[in-house]
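Structure first, commentary second.
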Amino acid sequence: NAGVTQTPKFQVLKTGQSMTLQCAQDMNHEYMSWYRQDPGMGLRLIHYSVGAGITDQGEVPNGYNVSRSTTEDFPLRLLSAAPSQTSVYFCASSSTPIGSSYNSPLHFGNGTRLTVT
Amino acid sequence: QQPVQSPQAVILREGEDAVINCSSSKALYSVHWYRQKHGEAPVFLMILLKGGEQKGHDKISASFNEKKQQSSLYLTASQLSYSGTYFCGTEWLIKAAGNKLTFGGGTRVLVKP
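The listed protein sequences correspond, in order, to chains L and X.
Using the numbering used here, you'd call the opening residue of the first sequence number 366 and step up by one each time.
Using the numbering used here, you'd call the opening residue of the second sequence number 614 and step up by one each time.
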């Protein structure tokens, strides 16, 4: 099992460029999410999905779009990159949605380090 | 709002104990604990559900006090491998808040020989 796979590992963008961060999981998890990690800020939730076709906003959604057409994939799109979006981005998945009767761990990908100049 | 973790950093000698606290301003349904090594992804340690259950993972254990809206992580007889940044993630009791796990700012732990 590969678990949660994120690509690319590193990316440098110029202000105003757009790009898509890829996330795929092979564990048949319904719940997937995107976090950004900045020094001293911990992990902040950008968007999440409780299943194919269902997405919702997290704490810091502005400047990012998501879609979930399959259970396996949950790409994150930056429409017009800004220096404030320089961060490490983590995708995570879980076998049951947070907030259901069961709680199961988040499985994190290895992250994408994004720099916007 | 993010839960508040304290302390922000702690330095230990091998074999010493430490406590990391995680406090929320809202009533909680569950608390997750994760550890992250430098340059790596966070790794799951344990989940505590409301009910005051205490859990353990090797010599790392945690408690959840619903009334205080607080969880504590206990590092007992620390080992060099315990070094890293510890994050608590909290899920609010109000389901209308949605399926969100909100993380604290982290506690950096350094265990020295």
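Think of the CB as a built atom: it goes at the ideal place given N, C-alpha and C, for glycine as much as any other residue.
{"query": "Under 7 Å from the C-beta of G628/X: neighbouring residues of chain L", "result": "Going along chain L, no residue has its Cβ under 7 Å from G628/X, so there is no contact; the nearest lies around 28 Å."}
{"query": "Where F677/X meets chain L, residues with beta-carbon distance less than 8 Å", "result": "Within chain L, no residue comes near F677/X; the closest Cβ sits about 12 Å away, beyond 8 Å."}
{"query": "Opposing strand residues paired with N678/X [DSSP bridges]", "result": "Q683/X"}
{"query": "Secondary structure of L694/X, DSSP reduced to three states", "result": "Per the sequence shown, residue 694/X should be read as Ser rather than Leu. It is helical."}
{"query": "Per-residue contacts from G423/L into chain X (C-beta, under 8 Å)", "result": "K713"}
{"query": "Residue range of the unbroken beta strand (DSSP E) whose run includes R478/L", "result": "T477 to V481"}
{"query": "DSSP state of S520/L mapped onto helix, strand, coil", "result": "Nothing can be reported for residue 520/L, as the shown portion of chain L is limited to 366 through 482."}
{"query": "Within chain L, partners of I660/X - CB distance below 9 Å", "result": "N468, S469 and P470"}
{"query": "Exposure label - Q621/X; buried when at least 16 CB within 10 Å", "result": "exposed"}
{"query": "Inter-stretch contact (C-beta, 8 Å, three-pair minimum) for the region 374 to 385 of chain L and the region 438 to 455 of chain L", "result": "yes"}
{"query": "G416/L - DSSP class collapsed to helix/strand/coil", "result": "strand"}
{"query": "Reference S459/L; option with closest CA among T435/L, Y413/L and L479/L", "result": "Y413/L"}
{"query": "Outcome for N468/L when other beta-carbon atoms lying within 10 angstroms are tallied against a minimum of 16", "result": "buried"}
{"query": "Contact check, Y454/L vs T420/L, beta carbons under 7 Å", "result": "no"}
{"query": "Where N430/L falls: helix, strand or coil (DSSP)", "result": "strand"}
{"query": "Spatial distance of T451/L from Q649/X (CA atoms)", "result": "20 Å"}
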